[in-house]
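Asks: In this note's numbering, the protein residues as written are 885 to 1135.
Using N, Cα and C, we set each Cβ at its ideal position, and we do this for glycine too.
Quantities reported herein were computed from a predicted structural model and do not represent experimental measurements.
Take this structure, written in structure tokens, and hold onto it; I'll ask about it next.
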């Protein structure tokens, strides 16, 4: 009888291990400023991605989940089109602790238009948003074939999005993945209080870094709802999510 119980327990544990997902991420989309209409489309696409690639995903807009107990459930946190000041001091401290323990961060589009006064976060993102022109089609170029998700991308491709002009590097660890060719669109923007002429010959739009004990990935793509239906964006994003959550996938 005892042997049968042990065999049953062993079988249950084996079944559990077979069913266990690869990793778990939180998608956080709180906004304190501009609210992107593409957020729901992004969540839907990421949920489908989680099923396709066998990882767990939980969507939150309530910042109270940024505490030690809750964050311990996850391997990475995705800031999906967040804006403004979205975490208080205690929540910021909990997220820093989580990330520094060897976890991951994925910033999508306006994650770089978030928490400008939180110095640690701005370095985590790497570069912050300054201004953007109207949505336009432009040519994107792949800069790094060693990073996960770039193996299936063409060397260059046309993409329509909201092209951010970024401020200076805030971290010395940035490795660039994608850039946009400013000669293929009109980068000038004038908002009265802020003006932009683009970034010149080198205009990065996606990068990654090992920073302060964890892994950080950022992409400018993801503004438009329709883009979330495109396999090209999803392959690019999954590469970043997989690496940030696991540290694997580099060639």
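1) I want to know whether the region 936-946 touches the region 1069-1087 - three or more CB-CB distances under 8 Å.
2) In terms of DSSP beta bridges, what is residue 910 paired with?
3) Would you call the region 1016-1031 and the region 987-995 in contact, with 3 or more CB pairs under 8 Å?
4) Considering only residues of the same chain and omitting the five flanking positions on each side of residue 956, which have a CB-CB separation below 7 Å?
5) At a cut of 8 Å, does the region 995-1011 reach the region 965-973 through at least three beta carbon pairs?
6) In or out: residue 1134 buried (at least 16 other Cβ within 10 Å) or exposed?
7) Leaving out the 5 sequence neighbours to the left and right, which residues in its chain are closer than 8 Å to residue 917 when beta-carbon positions are compared?
8) In the DSSP assignment, what residue or residues form a beta bridge with residue 1079?
9) Looking at the structure shown, is residue 998 part of a helix, part of a strand, or coil, going by DSSP?
10) To the nearest angstrom, how far is it from the Cα of residue 1007 to the Cα of residue 1035?
Replies: With the given structure in hand:
1) no
2) 942 and 961
3) no
4) none
5) yes
6) exposed
7) 967, 968 and 997
8) 1074
9) strand
10) 28 Å
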